[in-house]
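For what it's worth, the UniProt record's numbering labels the leading residue of the sequence shown as 1, then goes sequentially. Read the structure below first, then the notes.
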Amino acid sequence: MGRDRDGRLWVHPGTGDATRPWDPAVRTLVGSGWSGPNILSLADVSLDGLPDLFTRDPANDGTVGYHPTPGWDPAVRVLGMAGWNSAQAVLAEDVDGDGRPDLLARQSGGNLRVWPHDGNTTASPWLTKPAYDVAEGLERTDLVAFGEVTGDGLRDLVIREDDGTVWVLPHPGAAAAKVAAGKQKQTPRWQWSKQRAKRLAVGVSTNQLAAGVSVDPAAPYSAGTGWAEDVRLDFQDVNGDGLADLLATDRDGRLRIALHTGAPAGENPWPATVSAGDWSAYDLVAIRPVTKVVSVVRIEPRTASAKAGTTTSFRATLVSPSGSRDVTSEVTWSTASSTVATIDSSGRATAHADGNTAVLAGFTGAAVGAAGLKVGAGGGSSPAPVRPGDAVGLDRDGRLWHYPYTGDPARPWSRITRQMAGIDWAGPDRLVLGDVTLDGTPDLFVRDPAGDGSVWFHPHSAADPQRPWSLTRKVFGMSGWNNAAAVILEDVNSDGRPDLLSRMPAGNLRFWLHDGKTASSPWLSAGQWSDIATGLENTTVVRFGEVTGDNRRDLVIRERDGSVWVLPNPGGVVGPGSAPLWRWNPATADPAPADPTKPYRLGTTWAASTALDLQDVNGDGRADLLATSPTGELLVHLHNGNPRNPWTATTTVPGNWNDGLTAFSSTE
Numbered sequence: 001m002g003r004d005r006d007g008r009l010w011v012h013p014g015t016g017d018a019t020r021p022w023d024p025a026v027r028t029l030v031g032s033g034w035s036g037p038n039i040l041s042l043a044d045v046s047l048d049g050l051p052d053l054f055t056r057d058p059a060n061d062g063t064v065g066y067h068p069t070p071g072w073d074p075a076v077r078v079l080g081m082a083g084w085n086s087a088q089a090v091l092a093e094d095v096d097g098d099g100r101p102d103l104l105a106r107q108s109g110g111n112l113r114v115w116p117h118d119g120n121t122t123a124s125p126w127l128t129k130p131a132y133d134v135a136e137g138l139e140r141t142d143l144v145a146f147g148e149v150t151g152d153g154l155r156d157l158v159i160r161e162d163d164g165t166v167w168v169l170p171h172p173g174a175a176a177a178k179v180a181a182g183k184q185k186q187t188p189r190w191q192w193s194k195q196r197a198k199r200l201a202v203g204v205s206t207n208q209l210a211a212g213v214s215v216d217p218a219a220p221y222s223a224g225t226g227w228a229e230d231v232r233l234d235f236q237d238v239n240g241d242g243l244a245d246l247l248a249t250d251r252d253g254r255l256r257i258a259l260h261t262g263a264p265a266g267e268n269p270w271p272a273t274v275s276a277g278d279w280s281a282y283d284l285v286a287i288r289p290v291t292k293v294v295s296v297v298r299i300e301p302r303t304a305s306a307k308a309g310t311t312t313s314f315r316a317t318l319v320s321p322s323g324s325r326d327v328t329s330e331v332t333w334s335t336a337s338s339t340v341a342t343i344d345s346s347g348r349a350t351a352h353a354d355g356n357t358a359v360l361a362g363f364t365g366a367a368v369g370a371a372g373l374k375v376g377a378g379g380g381s382s383p384a385p386v387r388p389g390d391a392v393g394l395d396r397d398g399r400l401w402h403y404p405y406t407g408d409p410a411r412p413w414s415r416i417t418r419q420m421a422g423i424d425w426a427g428p429d430r431l432v433l434g435d436v437t438l439d440g441t442p443d444l445f446v447r448d449p450a451g452d453g454s455v456w457f458h459p460h461s462a463a464d465p466q467r468p469w470s471l472t473r474k475v476f477g478m479s480g481w482n483n484a485a486a487v488i489l490e491d492v493n494s495d496g497r498p499d500l501l502s503r504m505p506a507g508n509l510r511f512w513l514h515d516g517k518t519a520s521s522p523w524l525s526a527g528q529w530s531d532i533a534t535g536l537e538n539t540t541v542v543r544f545g546e547v548t549g550d551n552r553r554d555l556v557i558r559e560r561d562g563s564v565w566v567l568p569n570p571g572g573v574v575g576p577g578s579a580p581l582w583r584w585n586p587a588t589a590d591p592a593p594a595d596p597t598k599p600y601r602l603g604t605t606w607a608a609s610t611a612l613d614l615q616d617v618n619g620d621g622r623a624d625l626l627a628t629s630p631t632g633e634l635l636v637h638l639h640n641g642n643p644r645n646p647w648t649a650t651t652t653v654p655g656n657w658n659d660g661l662t663a664f665s666s667t668e
């Protein structure tokens with residue numbers, strides 16, 4: 001079921017084909033007038049055996065309720081509760097095992113609270129029983145869902161963290177499925193903050209995160225970061241085997257389905273996807289699971305790796321109430337991507353090109369089986385060296401990530417292809433990439449606020465692409481930098497060396513020239529400093545970039561009122577004791593001066609952005625603007641060639657880029 005942008009509700013009947021369970025072109029109009037809700041889901045709230053339409057309406061203070069079957073009339077709604085606009089996630093899920101859908105909300109504090117269904121079918125069923133928390137520690141999640149993943153018949157908790165990783169939190173057992181009568185305070189079933197800390201403490205490697213390896217089957221395990229950029233993830237059984245399949249919808253509305261391989265707890269059950277059509281016509285979707293079938297096809301191995309030009313054999317087993325038998329030669333074999341691999345009627349797959357593909361086995365009357373085949377590097381799992389255009393990020397758990405440049409200026413970095421570059425980096429509050437050692441490779445410059453605040457740089461090492469910067473190999477730069485409102489590396493005197501700049505509390509932007517040293521601090525030579533700008537005491541962002549088209553690096557600032565200004569570079573000598581190039585006075589500045597050498601304003605479009613940066617993303621020699629939205633998305637504004645209005649077009653890089661610190665480097 002989908003709600004289009006005109007507020008019309010449509011139903012797509014199930015096709016019976018698990019790899020394409022609905023046809024976008026085959027649908028029935030239910031009705032119009034559904035523009036209000038920002039959440040849609042299906043649940044039998046009225047307990048009549050038919051799916052009611054559960055919604056949240058953000059109007060006023062945000063109400064939740066349901067539209068009974070039959071009809072799903074937007075004007076006929078049973079009010080559930082008011083004041084739900086602040087809830088980060090809203091679900092209807094039977095968590096106490098009584099066959100009734102309970103109401104759940106992920107609170108801002110990270111707790112997942114449950115209001116139990118009391119059996120009322122004519123008014124709100126969630127008002128009489130005391131609420132309790134079923135999970136805690138979810139403050140970093142952007143998705144909360146339930147599904148039968150581990151195969152024990154109990155509904156597991158599935159979350160996506162704001163770093164893009166999907167985790168399965170197994171249900172702790174049948175005993176925890178029942179709620180003690182009259183017991184208002186209970187220990188949360190899923191204590192994710194403790195479990196998460198434990199997982200990080202044991203040093204989960206990049207490969208383990210990607211593969212979802214777990215030593216303890218009862219412990220949370222990862223399904224990797226391959227779902228980081230999807231705008232919606234759903235977990236429903238679409239092939240009838242009783243296990244939750246993963247349905248991922250990307251920003252362009254394309255649906256991919258990862259069928260559950262039958263993997264036990266601790267193993268990633270969704271190693272590969274099948275394309276399931278274009279669903280961009282809908283902005284909200286609700287999915288109802290199919291009826292469970294009695295027979296299931298299972299494929300072994302569940303995941304396999306191969307090199308292009310080699311073959312891999314798969315075996316299919318039919319699991320039914322009467323037992324199990326080998327049906328390798330009886331099933332219909334196929335692969336989701338024939339360019340990656342093909343498979344013959346005997347289950348022998350031939351690898352053709354690097355990538356991932358699903359291997360499928362169909363048998364009449366049985367749930368289709370699925371496995372994953374990775375060919376070659378499998379989309380960048382091998383560490384790539386750091387190159388111009390790459391980015392680095394430090395998350396709140398102290399993990400350092402390397403984001404290789406994708407080659408697409410509109411979406412230059414991906415959270416899916418990122419690589420872990422180190423752990424235990426917690427501490428710095430500023431990251432910058434710059435060639436401090438003058439060897440042609442990017443070093444990692446940091447500010448550590450501990451004590452009085454020192455700046456350091458970690459030299460780049462090409463010998464180990466997986467760990468290009470060593471946590472212990474660092475060079476002291478200068479101390480006393482906690483009072484710096486901006487910390488920048490910029491070649492201000494055009495000698496090819498990154499100079500160190502700080503916006504001082506008085507509003508002067510001071511530089512310390514790089515003196516050529518590469519094994520010790522290059523910014524300590526006596527007298528090699530001066531102010532390059534003044535009057536910046538009310539600025540919140542200070543950056544340099546070529547905006548005006550004269551091949552000079554201009555100064556771009558954001559004032560405290562949210563306005564962004566370009567201060568054209570006037571040229572002139574920059575050196576020890578030189579006069580400031582810019583003397584900023586917002587009180588006398590003309591927002592649109594006729595003189596092209598004067599500062600001019602670009603508006604307040606980026607007032608709410610939590611971070612702004614200038615880098616040449618597409619290699620045209622002009623500064624592109626990178627802005628982080630309050631919700632964490634990275635917005636890329638490529639320079640259009642018009643210096644007075646350069647950043648009009650916007651593309652979005654999905655994911656939460658507010659998770660820690662991020663540094664970007666310009667392309668060559």
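Note that the Cβ used here is the ideal one computed from N, Cα and C, for glycine as well.
Asked, Found
"According to the Cβ coordinates, are P630 and A608 closer than 8 Å?", "yes"
"Can you grab the Cα-Cα spacing for the pair D613 / A627, in whole Å?", "7 Å"
"Just checking my contact of V412 with P465 at CB under 8 Å: how many whole Å lie between their CB atoms?", "Per the sequence shown, residue 412 should be read as Pro rather than Val. Contact doesn't hold; Cβ gap of about 19 Å is too wide."
"Give me the DSSP bridge partner(s) of E300.", "R315"
"With DSSP as the reference, label N656 as helix, strand or coil.", "coil"
"Please specify which runs of the beta strand (DSSP E), each continuous and at least 3 residues long, are wholly inside the segment 573–638, giving them in chain order.", "611–615, 624–628, 634–637"
"Let's test the definition: count the other Cβ atoms within 10 Å of the Cβ of T273 and tell me whether it reaches 16, buried, or not, exposed.", "buried"
"Have a look at A526 and N658 and give me their C-alpha separation to the nearest angstrom.", "38 Å"
"Jot down the residue ranges of each uninterrupted beta strand (DSSP E) in the segment 338–393, minimum 3 residues, whole runs only, in chain order.", "341–343, 348–351, 355–362, 369–375"
"In the DSSP assignment, find the unbroken beta strand (DSSP E) run with L524 in it and report its ends.", "No beta strand (DSSP E) contains L524, which DSSP labels as neither H nor E."
"Cα separation between T651 and D439?", "33 Å"
"What do you reckon, are the CB atoms on T472 and N508 nearer than 8 Å?", "no"
"Report the rounded CA-to-CA distance for G379 versus T417, giving the unit in angstroms.", "Residue placement at G379 is flagged as unreliable, the pLDDT there being 41, under the threshold of 50; a coordinate-derived value is accordingly withheld."
"Thinking C-beta only, is D230 closer than 8 Å to V238?", "no"
"What did DSSP end up calling R196 once you bin it into helix, strand or coil?", "helix"
"Shortest alpha-carbon distance to G453 belongs to which of A462, D429, L91?", "D429"
"Can you give me the start and stop residues for the beta strand (DSSP E) that W167 sits inside?", "166–169"
"Just to confirm my understanding: we take A18, look at its own chain, exclude 5 residues before and 5 after, and list those with CB closer than 6 Å. What are they?", "V238, N239, V368"
"Excluding the five sequence neighbours on either side, which residues of its own chain have a C-beta within less than 6 Å of the C-beta of D250, listed in chain order?", "D230"
"Is the segment 40–57 in contact with the segment 119–128, if contact means three or more CB pairs nearer than 8 Å?", "yes"
"Taking A308 and A351 to be in contact with their CB atoms under 8 Å, please state how far apart those CB atoms are, rounded to whole angstroms.", "5 Å"
"Is W512 helix, strand or coil when you go by DSSP?", "strand"
"Keeping to the same chain, check which residues put their C-beta closer than 8 Å to that of G549; ignore five residues upstream and five downstream.", "R622, G641, P643"
"What does the alpha-carbon distance come out to for the pair L29 and D4?", "11 Å"
"As a quick exercise: from A304, S305, T317, L284, pick the residue whose alpha carbon is nearest that of V297.", "T317"
"So R558 and T540 are in contact, right, with Cβ under 8 Å, and what is the actual spacing, rounded?", "5 Å"
"Check whether the Cβ atoms of G110 and G137 lie closer than 8 Å to each other.", "yes"
"Taking the beta strand (DSSP E) that T648 belongs to, which residues open and close that run?", "Looking at the DSSP string, T648 is not in any beta strand (DSSP E), and its letter there is neither H nor E."
"How many angstroms separate the CA atom of V573 from the CA atom of L581?", "8 Å"
"Along the chain, which unbroken stretches of the beta strand (DSSP E) at least 3 residues long are found entirely within the segment 51–90?", "52–57, 63–67, 78–82"
"Starting from I39 and walking both ways along the beta strand (DSSP E), at which residues does that stretch end?", "39–43"
"Assign T291 to buried or exposed, taking buried as 16 or more other Cβ atoms, counted over all protein chains shown, within 10 Å of its Cβ.", "exposed"
"Under a Cβ-count criterion, where at least 16 other Cβ atoms within 10 Å of its own Cβ denotes burial, should S520 be classed as buried or exposed?", "exposed"
"Between the C-alpha atoms of V26 and G2, what's the straight-line distance to the nearest angstrom?", "12 Å"
"Suppose you measure from the CA of A177 to the CA of G97; what does that come to, to the nearest Å?", "Bear in mind that a pLDDT of 46 at A177, under 50, signals an unreliable position, so the number given afterwards is only what the model happens to contain. The straight-line gap from Cα to Cα measures roughly 6 Å."
"What does DSSP give as the partner residue(s) for Y221 in the beta ladder?", "V168"
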